[in-house]
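This note's numbering puts the first residue of the sequence shown at 3, with every later residue one more than the last. For glycine and all other residues, C-beta sits at the position ideal for the given N, C-alpha and C. Everything on this sheet refers to the single structure shown next.
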Amino acid sequence: MGGRHKKFTRKEKSKVKLKTKKTVLTKAQNVTDTSFKVRKIVLKEQLKSAVLNEPQTRRNLSVKELLSRLRHYNSSMQKSSLVGLQELVTQHSEEILGLHLSELIEGTARLILDQENDVRKGALKLLNVVLTQVPESRVMPFFNVLLSYLNCGMTHIHVSIQDDSLAMLDTLLEATPLLVSANADTVLCNFLDMISSLKPGSSSERTLTMNLNSRFTSVAWRMKVLHQLKGLLSALVEYKKHQDRKHSGCLAHPSENTACLRDSWTWKEDSELHIPVYNHHYRDTCYLPNVFSVGNSSDESSSEDKHLKKYVKVLIPLLIETWREVALGQVCKSSNNEVSYSLLSLEAAEVLKCVLEVIQLLCELLTSEVTEFITAHRKDFGYLFFHGFPYSCSQRHEEGVKVRNDMRKQKECLNKDPRCLSQNLAICHLFYCFYDDHNMDVELSSLMLKYVKGSMRNWKEQDDRKQLMQVLRHLLQCPKCWGCHGTNLRKVLDSTVAHYKKTHDQDLFEILSGLSLTAGLTHLYRYASFQEWMESLPDLLCSPTVPATTVEILGKLACQNNPLFCKILCQKLPDILS
Numbered sequence: 003m004g005g006r007h008k009k010f011t012r013k014e015k016s017k018v019k020l021k022t023k024k025t026v027l028t029k030a031q032n033v034t035d036t037s038f039k040v041r042k043i044v045l046k047e048q049l050k051s052a053v054l055n056e057p058q059t060r061r062n063l064s065v066k067e068l069l070s071r072l073r074h075y076n077s078s079m080q081k082s083s084l085v086g087l088q089e090l091v092t093q094h095s096e097e098i099l100g101l102h103l104s105e106l107i108e109g110t111a112r113l114i115l116d117q118e119n120d121v122r123k124g125a126l127k128l129l130n131v132v133l134t135q136v137p138e139s140r141v142m143p144f145f146n147v148l149l150s151y152l153n154c155g156m157t158h159i160h161v162s163i164q165d166d167s168l169a170m171l172d173t174l175l176e177a178t179p180l181l182v183s184a185n186a187d188t189v190l191c192n193f194l195d196m197i198s199s200l201k202p203g204s205s206s207e208r209t210l211t212m213n214l215n216s217r218f219t220s221v222a223w224r225m226k227v228l229h230q231l232k233g234l235l236s237a238l239v240e241y242k243k244h245q246d247r248k249h250s251g252c253l254a255h256p257s258e259n260t261a262c263l264r265d266s267w268t269w270k271e272d273s274e275l276h277i278p279v280y281n282h283h284y285r286d287t288c289y290l291p292n293v294f295s296v297g298n299s300s301d302e303s304s305s306e307d308k309h310l311k312k313y314v315k316v317l318i319p320l321l322i323e324t325w326r327e328v329a330l331g332q333v334c335k336s337s338n339n340e341v342s343y344s345l346l347s348l349e350a351a352e353v354l355k356c357v358l359e360v361i362q363l364l365c366e367l368l369t370s371e372v373t374e375f376i377t378a379h380r381k382d383f384g385y386l387f388f389h390g391f392p393y394s395c396s397q398r399h400e401e402g403v404k405v406r407n408d409m410r411k412q413k414e415c416l417n418k419d420p421r422c423l424s425q426n427l428a429i430c431h432l433f434y435c436f437y438d439d440h441n442m443d444v445e446l447s448s449l450m451l452k453y454v455k456g457s458m459r460n461w462k463e464q465d466d467r468k469q470l471m472q473v474l475r476h477l478l479q480c481p482k483c484w485g486c487h488g489t490n491l492r493k494v495l496d497s498t499v500a501h502y503k504k505t506h507d508q509d510l511f512e513i514l515s516g517l518s519l520t521a522g523l524t525h526l527y528r529y530a531s532f533q534e535w536m537e538s539l540p541d542l543l544c545s546p547t548v549p550a551t552t553v554e555i556l557g558k559l560a561c562q563n564n565p566l567f568c569k570i571l572c573q574k575l576p577d578i579l580s
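What follows is the structure in structure tokens.
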């Protein structure tokens with residue numbers, strides 16, 4: 003062992019060795035050095051001075067910054083930017099909307115299709131704030147953008163986005179009803195797709211769909227869709243009336259606020275009085291949706307009417323089926339000592355009211371095709387709607403059931419009126435529209451006339467005023483009704499005149515004046531109540547303020563040389579001029 007070790011040692015010593023640097027350690031190598039150096043970082047964006055008097059939010063964010071954040075991928079960033087924009091639009095509406103209206107409309111409408119529910123709700127709030135502070139003439143250039151996103155939302159595969167698109171339509175109907183009505187053709191078909199689908203192998207016939215994967219029941223979802231459809235049809239009816247008044251050049255509706263329309267003028271002896279004699283409609287905004295299209299306007303209007311007729315042919319069977327599904331399970335016959343009636347649940351009463359109001363609006367739109375429409379569906383209406391008249395609502399039927407928040411207000415309104423007055427009056431109106439010859443069902447016609455007389459005696463509900471006016475207008479101004487129910491209609495006329503003397507209601511005045519202007523109702527002048535009303539008409543011109551529509555109606559009576567009216571007018575002429 004020893005010899006081998008010595009031999010190895012000599013071998014190692016004989017090798018060439020390289021010199022290495024000797025490392026000298028510092029004395030305090032374990033001490034940490036805490037000194038540091040500082041260097042300025044200069045950003046060019048921070049050197050830009052803020053624009054003086056530029057509107058900013060509480061977080062010092064401008065409009066451009068908030069608009070850019072609307073396209074951010076983070077939903078919380080989008081929600082905060084929507085809140086900031088709503089703050090700026092509320093506080094600086096003229097400046098913000100004057101410069102950034104197009105960006106606001108496009109950015110807000112795009113978020114209606116967002117996957118996040120909170121983002122869609124915030125976008126709807128901002129859109130409502132923007133549209134309520136801008137006139138329709140300024141929204142018109144950007145309305146196609148709103149319409150495109152609305153159609154995308156109504157045809158979306160997610161029911162929640164469809165639900166919010168209905169809220170967007172409600173906002174547009176409140177802020178821009180004329181623009182929505184002018185483009186109603188592109189929106190109406192979407193309602194059919196939301197509650198129905200095409201039958202296999204058919205290009206026009208449809209069947210109702212079921213919502214199994216939705217938080218809404220099928221009936222609740224249909225009612226939500228039909229309620230918005232009713233709002234769109236109401237706006238379309240008002241739009242048609244507005245267009246007819248423009249084309250005829252008659253006086254505008256008293257509710258229209260135009261700068262050149264005044265109902266009364268004050269005469270002063272010491273100053274000149276300037277009264278415009280030109281048509282005030284010439285100053286209105288002219289809407290030309292098809293100005294660059296090929297073809298004349300008459301062809302376009304006729305195509306719109308044809309489109310509406312096709313739409314009604316598809317929609318009416320769906321409305322009938324909607325009521326049939328509810329009526330078969332929730333309508334039961336009941337009776338008391340006086341009369342038998344159909345007892346409805348709260349849900350059935352709501353469905354009946356919505357379906358009837360939609361049908362009434364369709365009849366009002368199809369003025370020239372009402373006869374064809376009535377003939378096609380008379381049998382279904384007689385069995386499903388008229389057969390169960392009158393209806394009443396059961397308050398005990400759904401006690402203890404948890405009601406949805408979106409339907410609670412409507413059901414509370416039904417609880418206040420368990421007699422279903424609005425539904426019954428709507429059925430009376432449709433019955434007299436469907437059956438001009440009341441001899442087809444004298445018993446049912448007499449029952450409905452008796453119900454109308456009872457409604458006139460107990461007329462207190464303001465919500466059903468419109469329905470009652472429609473029934474009275476059709477009953478009193480129809481010569482065939484006077485031929486079938488002359489004695490009973492005289493009592494209705496007496497009640498109408500008596501109620502007008504108490505309230506001086508303008509709608510009742512138009513109904514009664516329509517009777518005096520109808521050529522086939524001259525026998526009404528034999529009734530004492532109608533004579534007293536005619537004799538009181540010149541007194542209206544002695545009041546300090548006279549509505550323009552009243553002057554127009556009285557002028558027509560004078561032009562027709564109505565003997566009773568002209569006689570009293572000549573006697574009252576000194577009082578009128580004084």
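Nearest-angstrom Cβ-Cβ length linking residue i and residue j, presumed shorter than 8 Å
i: Ile197; j: Val227; result: 5 Å
i: Glu359; j: Lys232; result: 5 Å
i: Ser83; j: Leu72; result: 5 Å
i: Glu537; j: Ile570; result: 5 Å
i: Gln230; j: Leu171; result: 6 Å
i: Ser139; j: Met156; result: That pair is no contact at about 26 Å.
Beta-carbon proximity of residue i to residue j, cut-off 7 Å
i: Ile429; j: Phe387; result: yes
i: Ser497; j: Met450; result: no
i: Tyr609; j: Leu190; result: The requested residue 609 is not part of the displayed model; the chain covers only 3 to 580.
i: His363; j: Leu235; result: Before going on, a small fix: residue 363 reads as Leu here, not His. Against a cut-off of 7 Å, the Cβ pair of Leu235 and Leu363 comes out as a contact.
i: Gln425; j: Leu354; result: yes
i: Leu69; j: Gly109; result: yes
i: Leu113; j: Ala177; result: no
i: Leu427; j: Val473; result: yes
i: Lys201; j: Thr209; result: yes
i: Thr324; j: Arg224; result: yes
i: Ser77; j: Val121; result: yes
i: Ser344; j: Tyr393; result: yes
Pairwise C-alpha distance: residue j and residue i
i: Glu366; j: Pro137; result: 28 Å
i: Gln479; j: Asp382; result: 27 Å
i: Val1; j: Gln58; result: Residue 1 lies beyond the stretch modelled for the chain, which goes from 3 to 580, so this question has no answer here.
i: Leu87; j: Leu149; result: 22 Å
i: Thr34; j: Asn55; result: 52 Å
i: Leu510; j: Phe567; result: 18 Å
i: Arg421; j: Cys395; result: 6 Å
i: Lys582; j: Gln245; result: Any property of residue 582 remains undetermined from this structure, which presents the chain solely from 3 to 580.
i: Gly557; j: Phe145; result: 41 Å
i: Asp195; j: His158; result: 10 Å
i: Val553; j: Ser95; result: 41 Å
i: Glu352; j: Gln164; result: 22 Å
i: Val131; j: Gln93; result: 11 Å
i: Lys455; j: Leu126; result: 45 Å
i: Val494; j: Met471; result: 12 Å
i: Arg467; j: Leu101; result: 45 Å
i: His7; j: Lys39; result: 58 Å
i: Asp522; j: Pro481; result: Looking at the sequence shown, residue 522 is not Asp but Gly. Looking at the two C-alpha atoms, the distance is approximately 6 Å.
DSSP three-state assignment for residue i, whether helix, strand or coil
i: Ser515; result: helix
i: Tyr437; result: coil
i: Leu556; result: helix
i: Cys365; result: helix
i: Cys395; result: strand
i: Tyr529; result: coil
i: Leu345; result: strand
i: Lys504; result: helix
i: Leu20; result: coil
i: Lys39; result: coil
i: Val492; result: According to the sequence displayed, residue 492 carries Arg and not Val. Looking at Arg492 - three-state DSSP - the assignment turns out to be helix.
i: Ser236; result: helix
i: Asn460; result: coil
i: Leu474; result: helix
i: Cys486; result: helix
i: Ser580; result: coil
i: His431; result: helix
i: Asp541; result: helix
i: Gln479; result: coil
i: Ile318; result: helix
Min CB distance residue i to chain B below 7 Å
i: Cys356; result: Going by chain labels, chain B is absent from the structure shown, which holds only one protein chain.
As an exercise, report each continuous alpha helix (DSSP H) stretch of at least 4 residues that is fully enclosed by the segment 47 to 122, in chain order.
65 to 71, 77 to 93, 95 to 112
Contained beta strand (DSSP E) runs [length at least 3] in the segment 161 to 230, N- to C-terminal order
198 to 200, 208 to 210
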